[in-house]
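Following: one structure in structure tokens, then a few remarks.
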Amino acid sequence: AFCAIPQVMAIGTLAVCYNNGEVFERVVKLRKGLSAQLMVKTKSMEDVYRIFLVFARDIGSTAQTLQMKGSDPTVEDVLKAVDAIEEACEDGLKTMGLGGTMKAKNGAGAGAELDSQPPVPIVVRLFVLFFCVGYILYAWNADAVRVSYGVRPGAAGPMADMVHKLLSLPVLFYAVTVGILGKRIGSPEPDPIQPRRR
20 AFCAIPQVMA
30 IGTLAVCYNN
40 GEVFERVVKL
50 RKGLSAQLMV
60 KTKSMEDVYR
70 IFLVFARDIG
80 STAQTLQMKG
90 SDPTVEDVLK
100 AVDAIEEACE
110 DGLKTMGLGG
120 TMKAKNGAGA
130 GAELDSQPPV
140 PIVVRLFVLF
150 FCVGYILYAW
160 NADAVRVSYG
170 VRPGAAGPMA
180 DMVHKLLSLP
190 VLFYAVTVGI
200 LGKRIGSPEP
210 DPIQPRRR
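Mapped onto my numbering, the consecutive letters of the sequence shown carry residue numbers 20 to 217.
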């Protein structure tokens, strides 16, 4: 699949440039981040087929819009080429035993296996659990912890204890989400195989 990366980049660039008037004003190309993600995510022939399908369908949808407007005389040729690409990719997926659709094994949409985030590594999960459980125990049993360190009970005041208890609730949520379920928290990654919309 490494040998197919230039072709993946080429169809991605074509999808970005097709019917984009900015090509006459400035350099139009795939973003560096998208290029890097495509290089990293293209690991098998299945990935190549799926990425080609996504970009070909993007070009096809743009061509269909132009066809409805009747503003491009070459749109029929473009749609024929897109159909040929889709057929070749779907046939390739069928020969791999993956079916000719863009459905992933879990029933998600196009390229779901390519843009899904891997689970958090077990070592990180254990560290997060240890830290979060320690803080929650401290927050809800702060006086006993302070006494064990030789600090008089209530030294920080009831307001500080209440703040620690309130802060421990999101920490508990974080511990369950990351530590137990292994899911990542934060803004989701952009779809690595979708070109930037014009």
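Glycine is no exception: its CB is placed at the ideal position from the N, C-alpha and C atoms.
Just so we're clear, the structure is a prediction, and the values are computed from it rather than from any experiment.
Asked	Found
Nearest-angstrom Cα separation, counted from L200 out to M181	28 Å
Minimum C-alpha distance to S187 - residue among S167, R171 and G153	G153
As assigned by DSSP and simplified to three states, the class of M115	coil
Sequence-distant residues of the same chain with beta carbon closer than 6 Å to N125, five excluded per side	Because the pLDDT of N125 is 38, which lies under 50, any placement of that residue in the model is unreliable, and the number read from its coordinates should be weighed accordingly. Result list for N125: empty, nothing under 6 Å.
Sequence-distant residues of its chain with Cβ nearer than 7 Å to T81 (five each side left out)	Y37 and N38
Sequence-distant residues of the same chain with beta carbon closer than 7 Å to I104, five excluded per side	F71 and A75
Simplified DSSP state of S167, which is helix, strand or coil	helix
R45 - DSSP class collapsed to helix/strand/coil	coil
Test item: CB-CB of A47 and E41 under 7 Å	Here the sequence assigns Val to residue 47, which means Ala is not the residue at that position. Taking 7 Å as the Cβ cut-off, V47 and E41 qualify as a contacting pair.
Cβ distance (whole Å) where P172 is taken to contact D162 below 8 Å	4 Å
Three-state class that DSSP yields for L200 in the structure shown	coil
Nearest to L49 (by Cα), restricted to the options Y168, A29 and T61	A29
Pair within 7 Å by beta-carbon distance, V197 and V147	yes
Distance CB(L98)-CB(Y68) smaller than 7 Å	no
Buried/exposed call for G79, threshold 16 Cβ in 10 Å	buried
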